[in-house]
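A.B. asks:
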Amino acid sequence: MLTDTFGRRFYYLRLSITDVCNFRCNYCLPDGYQCQHNRDFLSTDEISRLMRAFAQLGTEKIRITGGEPSLRKDLPDIIAAAKQTPGIKKVAITTNGYKLPEHLPSWLDAGIDAINISIDSLDPRQFQSITGHNKLDTIMRGIDQALETSDVTIKVNSVLMRQHNAGELNQFLTWLKNKPVTLRFIELMETGDNKAFFNAQHVSASNYKTELMLGGWRPMIREKSAGPAQEFYHPDYLGKVGLIMPYSKDFCSSCNRLRISSLGKLHLCLFAEQGLDIRAFLQSDDVEPLKQQLVALLGQKAESHYLHENLTGATTQLAMLGG
Ligand code: SAM
Ligand code: SF4
Numbered sequence: 170m171l172t173d174t175f176g177r178r179f180y181y182l183r184l185s186i187t188d189v190c191n192f193r194c195n196y197c198l199p200d201g202y203q204c205q206h207n208r209d210f211l212s213t214d215e216i217s218r219l220m221r222a223f224a225q226l227g228t229e230k231i232r233i234t235g236g237e238p239s240l241r242k243d244l245p246d247i248i249a250a251a252k253q254t255p256g257i258k259k260v261a262i263t264t265n266g267y268k269l270p271e272h273l274p275s276w277l278d279a280g281i282d283a284i285n286i287s288i289d290s291l292d293p294r295q296f297q298s299i300t301g302h303n304k305l306d307t308i309m310r311g312i313d314q315a316l317e318t319s320d321v322t323i324k325v326n327s328v329l330m331r332q333h334n335a336g337e338l339n340q341f342l343t344w345l346k347n348k349p350v351t352l353r354f355i356e357l358m359e360t361g362d363n364k365a366f367f368n369a370q371h372v373s374a375s376n377y378k379t380e381l382m383l384g385g386w387r388p389m390i391r392e393k394s395a396g397p398a399q400e401f402y403h404p405d406y407l408g409k410v411g412l413i414m415p416y417s418k419d420f421c422s423s424c425n426r427l428r429i430s431s432l433g434k435l436h437l438c439l440f441a442e443q444g445l446d447i448r449a450f451l452q453s454d455d456v457e458p459l460k461q462q463l464v465a466l467l468g469q470k471a472e473s474h475y476l477h478e479n480l481t482g483a484t485t486q487l488a489m490l491g492g
């Protein structure tokens, strides 16, 4: 099992397969994707070896992310390869869902277990002003299609922003009444590129927590292996609410994940000082050297991020690593 010097166990891998994105989310890529390398993304063979090595070291869950992962045409092959990796119990994806109704059948055929979709506003105009795209209706149609035709787990990610959506809690809760999905409000995080935006828009999710508790929402019992989201349920609602509060005390103590960039770098933290290049180890079917390297590199994992001190490490925006 991959365990760090602070006793944290890493059973969850977040694998970015591209950093390209077609959206222009105001907190992430406000000017759209700007390519700064030769787009030599990990191949399906390299990805398969990587997943095999992680699985042999105890990884049980893989999340495929981006950039926008659905821009890669071989995404269904990658999902299938993850699903067929011995030891991997859950394969998930995080997507902006821009073609969800069209893509869903092939993802389901490939064996996807869970889909996280980013929706920062339920108001189509606000959604367009945040992302640069008028796609809310398509995404909502895709979610309904997934709920009606499959038993895949659906979560929705919504980044909290003072002036864009912080007043939308009730609208989101109304939507959750009859939808068996988990909606996670994520506190806006500072990155190298969004400092002014962060200073203007960051709000704590603690007010949401108070409002939820006053409205009869109750905290769910956390499993030992649970990630950092605090989750709430309500007896009158089919949906659940999660709060992801990276600025809260002890956020990093429940860290259970490692990250690989689309160019083959291991990131020990979303806000690490640098990615550690492991691509050379992905060229052989013998994954033993890769496993040894991963175990050795894990010794460098720090106890916590330094976001409180406005230190964002090498992370200029989250599209480069997948959140
Ligand atoms: N393109 C896909 C999507 O948007 O779902 C996957 C990649 S995106 C980087 C992963 C998640 O990170 C999204 O839910 C997005 O809203 C979130 N995210 C991006 N930048 C963020 C920031 N600065 N603070 C908090 N969440 C952020
Ligand atoms: Fe693209 Fe996701 Fe970043 Fe939005 S949050 S710009 S969809 S990578």
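In this text, residue positions in the sequence shown follow this note's numbering: the first is 170, and each later residue adds one.
Heads up, the beta-carbon is just placed ideally off N, CA and C, and yes, glycines get one too.
Quantities reported herein were computed from a predicted structural model and do not represent experimental measurements.
1. Is it buried or exposed, residue 480, if we count other Cβ atoms within 10 angstroms and call 16 or more buried?
2. Locate the alpha helix (DSSP H) running through residue 221, then write down its first and last residues.
3. Below 8 Å between beta carbons: does that hold for residue 431 and residue 192?
4. Report the residue from 332, 397, 312 and 171 whose alpha carbon sits nearest the alpha carbon of residue 224.
5. Going by the CB atoms, is the gap between residue 435 and residue 463 shorter than 8 Å?
6. Report the three-state DSSP secondary structure of residue 442 (helix, strand or coil).
7. Taking the runs of the beta strand (DSSP E) that are 3 residues or longer, which of them lie wholly in the stretch 225-296?
8. How should residue 390 be labelled, buried or exposed, when 16 other C-beta atoms within 10 angstroms of its C-beta is the threshold for buried?
9. Would you say the beta carbon of residue 237 is closer than 7 Å to some non-hydrogen atom of the ligand SAM?
10. Please return the same chain residues whose Cβ sits closer than 8 Å to the Cβ of residue 384, not counting the five positions on each side in sequence.
11. Kindly give me the distance between the Cβ atoms of residue 319 and residue 272, rounded to whole angstroms, as I take these residues to be in contact under 8 Å.
12. What residue from 483, 449, 428 and 242 has the CA that sits closest to residue 442's CA?
13. Smallest Cα separation from residue 369: which of 184, 195, 185 and 176?
14. Between the stretch 258-270 and the stretch 295-313, do at least 3 Cβ pairs fall closer than 8 Å?
15. Beta-carbon within less than 6 Å of residue 114's beta-carbon, same chain only, minus the 5 sequence neighbours each way: which residues are those?
16. Output the distance between the C-alpha atoms of residue 415 and residue 294, rounded to the nearest integer angstrom.
17. Can you check the stretch 313-370 for any alpha helix (DSSP H) of at least 4 residues that lies completely inside it and give the ranges in chain order?
18. Could you check where the alpha helix (DSSP H) with residue 464 kicks off and where it finishes?
19. Determine the burial state of residue 232: buried for a count of at least 16 other Cβ atoms within 10 Å of its Cβ, exposed for fewer.
20. What is the residue span of the alpha helix (DSSP H) that residue 400 lies within?
21. Looking at the ligand SF4, does it come within less than 7 Å of residue 265, judged from the CB to the closest heavy atom?
22. Taking Cβ to Cβ, would you say residue 419 is nearer than 8 Å to residue 433?
23. Using the three-state DSSP reduction, which class does residue 378 fall into: helix, strand or coil?
24. Return yes when the Cβ of residue 325 is within less than 8 Å of the Cβ of residue 282, no when it is not.
25. Does the ligand SF4 have a heavy atom nearer than 7 Å to the CB of residue 367?
26. Should residue 206 be labelled buried (16 or more other beta-carbon atoms within 10 Å of its own) or exposed?
27. Cα separation between residue 413 and residue 356?
28. In this structure, how does DSSP classify residue 311 when only helix, strand and coil are distinguished?
29. Classify residue 183 as helix, strand or coil using the three-state DSSP reduction.
30. Could you please give the first and the last residue of the uninterrupted beta strand (DSSP E) stretch that includes residue 428?
C.D. replies: Here's the rundown:
1. exposed
2. 213-225
3. Cβ distance not < 8 Å, so residue 431 and residue 192 don't count as in contact.
4. Closest in C-alpha terms to residue 224, from the list 332, 397, 312 and 171, comes 171.
5. In contact: residue 463 and residue 435 (Cβ atoms closer than 8 Å).
6. coil
7. Listed in chain order, they are 230-234, 259-264 and 283-287.
8. exposed
9. yes
10. Cβ neighbours of residue 384 beyond the five flanking positions: 342 and 403.
11. Not quite, the Cβ-Cβ distance comes to about 13 Å (not below 8 Å), so this is no contact.
12. 483
13. 195
14. Yes, since at least three Cβ pairs between the stretch 258-270 and the stretch 295-313 fall closer than 8 Å, the two stretches touch.
15. Here the chain has residues from 170 to 492 only, and residue 114 is not among them.
16. 28 Å
17. 338-345 and 364-370
18. Taken as a continuous stretch (DSSP letters only), the alpha helix (DSSP H) holding residue 464 covers 457-467.
19. buried
20. From DSSP, residue 400 is part of no alpha helix (DSSP H) but of the beta strand (DSSP E) over 399-402.
21. yes
22. no
23. helix
24. no
25. no
26. exposed
27. About 6 Å.
28. helix
29. strand
30. Its beta strand (DSSP E) spans residues 426-429.
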